[in-house]
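Numbering (this note's numbering), first residue to last: 1101 to 1319.
The structure appears right after this line, and notes come after that.
Encoded structure:
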């Protein structure tokens, strides 16, 4: 029977040095994690707070595993993401892990129920996350729970400034809200107003233009 390989912290340090040319140490692992969040201010703020709150329970091994988890998520390397997740389970719960697993379950496995649970857990850990709300809006729409879908898309709009691409997330969430009022409520006037609001912000937003044309043709 083959034995599973036991990796040490030094093995992880060596992997990171060889693959990413980063010498991660006890002294700098937190800075290395935060460096990966450059340009993602909401996420950087979360990790900064997370590391301060859980300082006594975190160590260099966590830093190495989280660094490798982040890199694997960036590359959409599902196998490695799941591998490092299992090794991170002994540490305090983390929003980014839950969000990433939710995304994988939705986009790669099509497991909407597992994905829904992951995104809901992520929101327990970071309640202002617009991407989670958008994903849940999408899932509830698939499940036919339209009132919850609407609620989540509205919250995605409300928290959109916390997204990496605030304008994009806001507009696509608003578009889904407009579609809700067309398909569920038959409230064409309200939908038209929302679509026009989208086009005021971005006159070339294709989905809003197409939906507005269809609305004026069908309503």
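Ideal placement from N, C-alpha and C gives every residue a C-beta, glycine not left out.
This one's a predicted model, so the numbers in the text were calculated from it and none came from an experiment.
In angstroms, rounded to a whole number, what distance separates the CA positions of residue i and residue j?
i            : j            : result
residue 1212 : residue 1280 : 20 Å
residue 1223 : residue 1232 : 7 Å
residue 1319 : residue 1182 : Since pLDDT at residue 1319 reaches only 48, below the 50 mark, its modelled position is unreliable, and no value is offered.
residue 1270 : residue 1106 : 45 Å
residue 1241 : residue 1249 : 5 Å
residue 1180 : residue 1195 : 18 Å
residue 1298 : residue 1256 : 15 Å
residue 1173 : residue 1184 : 10 Å
residue 1235 : residue 1131 : 30 Å
residue 1203 : residue 1228 : 17 Å
Using a 10 Å radius around the Cβ and a threshold of 16 neighbouring Cβ atoms, would you call residue i buried or exposed?
i            : result
residue 1230 : buried
residue 1171 : buried
residue 1198 : buried
residue 1123 : exposed
With a CB to CB cut of under 6 Å and the five nearest residues on each side skipped, what residues in its chain are close to residue i?
i            : result
residue 1142 : 1262
residue 1101 : The pLDDT assigned to residue 1101 is 38, lower than 50, so where the model puts this residue is not dependable, and the model offers no usable value.
residue 1268 : none
Rank the options by C-alpha distance to the C-alpha of residue i and give the top, closest one.
i            : options                : result
residue 1292 : 1194, 1186, 1316, 1159 : 1316
residue 1260 : 1278, 1305, 1273, 1125 : 1273
residue 1201 : 1190, 1214, 1191       : 1214
residue 1083 : 1286, 1175, 1167, 1287 : A question about residue 1083 goes unanswered here, because the residues of the chain that appear run from 1101 up to 1319.
residue 1161 : 1205, 1176, 1189       : 1189
Cutting at 8 Å between CB atoms, please list the residues of its own chain near residue i, excluding the five before and the five after it.
i            : result
residue 1193 : 1221, 1225
residue 1208 : 1178
At which residue ranges does the segment 1231-1303 contain complete alpha helix (DSSP H) runs of 4 or more residues, listed in the order of the chain? 1246-1258, 1266-1283, 1288-1301
Quick check on the DSSP output: what are the complete alpha helix (DSSP H) runs of length 4 or more inside the segment 1132-1167, in order along the chain? 1141-1153
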